[in-house]
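Numbering (mature numbering (1 follows the signal peptide of the UniProt record, and there is no 0)), first residue to last: -22 to -1, 1 to 133.
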């Protein structure tokens, strides 16, 4: 067990006192605390280290998604990045929050029955998206549903 803990500590660059790894049956009153120090890896930018460049820092992008009447759209998908690899879902108030390291990220908002919207953001200021409904969406959906049901029962 000691060798596993030591190899884990060496793997992560930790310097542990050997007394901390030993298992003893000493009583609490006779036990001595180790006097050696413990080296801990700190994240970049912490503890006086130079701050990361602007391109490496992630920014928080937040905002609201509303429908054509100004009401919040809960469940809208907001994605960021060229591959849309980060996705957030709006809450009951229509708000979202996403982090990105890109200097000028592209936000993509979609919701069933509404036109998709894309916007390039230069600053992390809150953005409100007003989505417009797709014309004749209910009719299109009904037509697609009928075709799917017909194809299903035809098998």
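Ideal Cβ positions, reconstructed from N, Cα and C, are used throughout, including at glycine.
Residue i: first and last residue of the uninterrupted alpha helix (DSSP H) it sits in
{"i": "residue 138", "result": "Residue coverage of the chain in this structure runs from -22 to 133, which leaves residue 138 outside it and unanswerable."}
{"i": "residue 128", "result": "115 to 132"}
C-beta contact flag for residue i and residue j at 8 Å
{"i": "residue 105", "j": "residue 54", "result": "no"}
{"i": "residue 58", "j": "residue 89", "result": "no"}
{"i": "residue 113", "j": "residue 46", "result": "no"}
{"i": "residue 135", "j": "residue 85", "result": "Because the chain in this structure spans residues -22 to 133, residue 135 falls outside the shown range and cannot be described."}
Integer Cβ distance of residue i from residue j, believed to fall under 8 Å
{"i": "residue 75", "j": "residue 66", "result": "6 Å"}
{"i": "residue 71", "j": "residue 102", "result": "With a Cβ gap of about 19 Å, residue 71 and residue 102 do not count as contacting."}
{"i": "residue 109", "j": "residue 95", "result": "6 Å"}
{"i": "residue 56", "j": "residue 68", "result": "7 Å"}
Residues that residue i bridges to, as DSSP identifies them
{"i": "residue 35", "result": "Looking at the DSSP assignment, residue 35 forms no beta bridge with any residue, so it has no partner."}
{"i": "residue 43", "result": "107"}
Closer than 7 Å: residue i CB and nearest the ligand ATP heavy atom
{"i": "residue 113", "result": "In the structure on display, the ligand ATP does not appear, and there are no ligands present to speak of."}
* Which full runs of the beta strand (DSSP E) of 3+ residues lie inside the stretch 45 to 99, going along the chain? -> Runs of the beta strand (DSSP E) inside the stretch 45 to 99: 55 to 58, 64 to 67, 73 to 78, 84 to 88, 95 to 98.
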